[in-house]
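I have placed the structure first, in the form of structure tokens, so that the comments after it can refer back to it.
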Amino acid sequence: MTKTDLPDLNEATRAAVAALAHRVRERDALDDRPDADLFATEFLTALRGQGWRPTAARPSQPWTEQIGPPPRPETARRGADLARAALRGEEVS
Numbered sequence: 000m001t002k003t004d005l006p007d008l009n010e011a012t013r014a015a016v017a018a019l020a021h022r023v024r025e026r027d028a029l030d031d032r033p034d035a036d037l038f039a040t041e042f043l044t045a046l047r048g049q050g051w052r053p054t055a056a057r058p059s060q061p062w063t064e065q066i067g068p069p070p071r072p073e074t075a076r077r078g079a080d081l082a083r084a085a086l087r088g089e090e091v092s
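Residues in the sequence shown are numbered from 0 upward in steps of one, following numbering that gives the first Met the number 0.
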């Protein structure tokens, strides 16, 4: 994977991905690998040193507007049955 394989990411994110990939390759080359928690802590410390700060996600907006008329009861039941079957891993059509 190269930087051109990640077109939807901004430059800072691509740089973070490249840095993490480099560190993972270095770690995987070692015979005695460091603890995963220690590795993750080291990486996040390095990101924070570059100015990265975690931000809270924006709260979701409540869905208050229906588009079109409500479905007929038989359509709603069929949709619910299809969703349940898909969740059970059954073939749906």
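Backbone N, C-alpha and C fix where the C-beta goes; we use that ideal spot for every residue, glycine too. Quick caveat: nothing in here was measured; it's all calculated off a predicted structure.
Taking residue i and residue j to be in contact with their CB atoms under 8 Å, please state how far apart those CB atoms are, rounded to whole angstroms.
i: alanine 15; j: leucine 46; result: 6 Å
i: arginine 22; j: proline 33; result: Actually they are not in contact, since the Cβ atoms of arginine 22 and proline 33 sit about 10 Å apart, beyond 8 Å.
Could you say which of the options lies nearest to residue i if we only look at CA atoms?
i: arginine 49; options: Gly88, Glu90, Thr12 and Leu8; result: In the sequence as displayed, the identity of residue 49 is glutamine instead of arginine. When each option's Cα is compared against that of glutamine 49, the closest is Thr12.
For residue i, which of helix, strand or coil comes out of DSSP?
i: proline 72; result: helix
i: arginine 32; result: coil
What residue range is occupied by the uninterrupted alpha helix (DSSP H) comprising residue i?
i: leucine 46; result: 35-48
i: lysine 13; result: Checking the displayed sequence, the identity of residue 13 turns out to be arginine instead of lysine. Taken as a continuous stretch (DSSP letters only), the alpha helix (DSSP H) holding arginine 13 covers 10-28.
For residue i and chain B, any beta-carbon pair shorter than 8 Å?
i: alanine 17; result: Given the protein chain composition of this structure (a single chain), no chain B is represented.
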